[in-house]
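Undergrad: With positions in the sequence shown counted from 1, the corresponding number in this note's numbering is that position plus 1479.
This is the structure I want to talk about, given as structure tokens.
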Amino acid sequence: MRVAEVVGRVLYGHGARYVFGVVGSGNFHVTNALVAAGARFVAAAHEGGAASMADGYARTSGTVGLLSVHQGPGVTNALTGLTEAAKSRTPMVVLAPEATAPRSNFFIDLPALATSVGADFHRVRATRAAEDTDAAYRAAARGATVVLGLPLEVQRTVTEPWSGPVPAVAPAPATAPQVEPLLAALQAARRPVFIAGRGARAAREPLTRLADACGALLAVSAAAKGLFAGNPWNIDVAGGFATPLAAELIGAADLVVAWGSTLNMWTTRHGELIPPSAVVVQVDHDPAAFGVNRPVDLTVAGEVSAVAEAVLGRLGTGSAEPVDAGTGGWRTPELAQRIRDHGRWRTVPYRDEGASARAGAPATIDPRTLSAALDDLLPPDRTVVVDSGNFMGYPSMWLDVPDVAGFCFTQAFQSVGLGLASALGAAVARPDRLTVAAVGDGGFVMSATELVTAVRLALPLLVVIYDDAAYGAEVHHFGPDGYPLETVTFPETDLAAIARGYGCDGLTVRTVDDLGPVRAWLAGSRTRPLVVDAKICATRGSWWLEEAFRGH
């Protein structure tokens, strides 16, 4: 058996059922080994798209994503999506063939490249192919993006046959988290708020029980949107996307506990959201994350679920005083009613800025009005994937999601153009749900080539383009200061026609009435992607971006 086949079999033995990529000579055999073992290969149009597909698949499925690329340019083509995954701590293995001869056209310093973007690097050796592949997969499963170097000469090496099973590894003895200071802070607090981040995506149940025990309100970072969906004390996203009510309540907290969140500038509104008087606690499995974005008063090292369960255990054993959530606490009938009435952006009044058609100027639709109308039209079972750009707060906050797996937010690297491909990976992971890719016109044009892949997959996919014919963030950042904007504004383009050219259904929307065909498409088979080119008004920047610019 050749090493390439061993690698494929080990990965399949770990549960890898999908592999995304573009096949060349360097990854031909390892990809075919995965397919022969039973995995499905999803062929992308470009390695950059393949990387985002693997990322979106991993985030939505909760399992390790797998990316297979050619040596040299195959790796570098995938680099932006790989960087987004690494910065998001997406569990992913990148099968990266290596040309190890420095004079080879394909040579790159793969370990240095992986390190430079925050990914782990492992290399397969001929004598330990199964063990090295196993170690790489396990590292990814713990929450890392792993570049697995596959030297070309090693892949061809004949080694001992391997048929499994994947060796079981005894879990390391868990160290009991030290929760006494956190417990004391919860007991002393009258207005606690939990902010759950990316590292808490699997901890809804223990965090909800602990919040109930201490009377805390529940908030999330944007990366964990949907975690507390349906909970009556959920005030949704903290930070730049926060509703006025959420900002008010977090601003009145006397204790803020960040669960798996580093409280970055977006989550804290450039440091202005959390009041200076509040005690701030950070819980994270990685002590290196403590205080990286702002000072904190207390830290607790440990997995989020384990820490929450440990606090609950202390409360339930009688060895600690119960938390008093009564007089002076948050959870009153009046506040519950305010959250029901004003806890979503849908309930916040606004002046519709859409423009009616007039001489020389076609109609445009307000992105809030568009998003609200789509939220009413679309089925509740949905996955919303949001690209980066000026528009992104509207689909993020106006489109509800059923749970944390229903929201994919590719913003760790703040790159435009990753949303469409990420949505394809999410659709592969959850074909039972409608996947909605919300993208800007710039990001759509960058990634439109993957519409070929979307048509080939025939999965339920709705692409909504928030089309302002510009790079809106730059327009609204530099325009008020009088800078010329010709480099970031473009002629209106029929993006729906481009989508139809790729084999999708295409629709141009300028008013709410134009959304009628979406309803008809939803009632059909949904096997042909629908691309909605929504011509949005662009008179001002989004609220969260205006705030961010002030923060600079």
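Ideal placement from N, C-alpha and C gives every residue a C-beta, glycine not left out.
1. How is P1671 classed by DSSP in three states: helix, strand or coil?
2. Would you identify the three-state DSSP class for A1949, choosing helix, strand or coil?
3. Does the separation of the CB atoms of M1876 and F1673 fall below 7 Å?
4. Do you know offhand how far D1831's Cα is from T1848's?
5. If you count every other CB in all the chains shown that lies within 10 Å of the CB of G1872, and 16 or more means buried, which is it?
6. Once DSSP output is grouped into helix, strand and coil, what is the label at A1515?
7. So, do the stretch 1504-1520 and the stretch 1915-1933 have three or more beta carbon pairs nearer to each other than 8 Å?
8. Does DSSP put H1493 in a helix, in a strand, or in coil?
9. Could you name the residues of the same chain whose beta carbon sits closer than 8 Å to that of H1525, not counting the 5 residues immediately before and after it, in chain order?
10. State the DSSP-derived secondary structure class of L1742, mapped to helix, strand or coil.
11. Please report the residue range of the alpha helix (DSSP H) in which L1791 lies.
12. Go to L1986, then tell me how far its beta strand (DSSP E) extends in each direction, as first and last residue.
13. Return the CA-CA distance between A1681 and A1702, expressed in angstroms with no decimal places.
14. Compare the Cα-Cα distances from A1653 to each of T1624, A1717, E1782 and report the closest residue.
15. Under the DSSP definition of a beta bridge, which residues are partnered with A1708?
16. Decide yes or no for the touch test of the stretch 1657-1671 against the stretch 1693-1708: beta carbon pairs closer than 8 Å, at least 3 of them.
17. Using 10 angstroms around the beta-carbon of C2016, count the other beta-carbons present and answer buried if the total reaches 16, otherwise exposed.
18. So what does DSSP say about E1971, is it helix, strand or coil?
19. Sort out for me which residues DSSP pairs L1761 with in a bridge.
20. Under the rule that 16 or more other beta-carbon atoms within 10 Å means buried, what is Q1893, buried or exposed?
21. Please check the pair T1636 and C1887, which I expect to be a contact at CB under 8 Å, by giving their CB distance rounded to whole angstroms.
22. Answer with buried or exposed for V1489, where buried requires no fewer than 16 other C-beta atoms within 10 angstroms of its C-beta.
23. Mapping the DSSP letters down to three states, classify S1547 as helix, strand or coil.
24. Round the Cβ separation of V1827 and P1970 to the nearest angstrom and send it over; I've been treating them as touching at under 8 Å.
25. Which of the three DSSP states, helix, strand or coil, is assigned to A1618?
26. Quick one: grab the DSSP three-state call for S2021.
27. Anyone know if the C-beta pair for L1856 and R1989 falls short of 7 Å?
28. Quick one: complete beta strand (DSSP E) runs, 3+ long, within the stretch 1798-1873?
29. Please report the residue range of the beta strand (DSSP E) in which V1573 lies.
30. Express the C-alpha separation of H1601 and A1575 in angstroms, rounding to a whole number.
31. So the alpha helix (DSSP H) R1998 belongs to, where does it begin and stop?
32. Going by the DSSP bridge assignment, what does T1914 pair with across the sheet?
TA: Quick look at the numbers:
1. strand
2. In this structure, A1949 counts as strand in the three-state DSSP scheme.
3. no
4. 7 Å
5. buried
6. helix
7. no
8. coil
9. V1501, N1556, T1928, E1929
10. coil
11. In the DSSP assignment, L1791 falls within the alpha helix (DSSP H) that extends over 1783-1795.
12. 1984-1988
13. 12 Å
14. E1782
15. For A1708, which the question treats as bridged, DSSP gives no partner whatsoever.
16. yes
17. buried
18. coil
19. Leu is not the amino acid found at residue 1761; the sequence shown has Gln there. Beta-bridge partners assigned by DSSP to Q1761: A1737, T1778.
20. With fewer than 16 other Cβ atoms within 10 Å, it is exposed.
21. Not confirmed; about 39 Å, so no contact.
22. buried
23. strand
24. That pair is no contact at about 34 Å.
25. helix
26. S2021 falls in the coil class under three-state DSSP.
27. no
28. 1861-1865
29. Annotation for V1573: the continuous beta strand (DSSP E) segment containing it runs 1571-1577.
30. When only Cα atoms are considered, A1575 and H1601 end up about 10 Å apart.
31. 1995-2002
32. T1862, L1940
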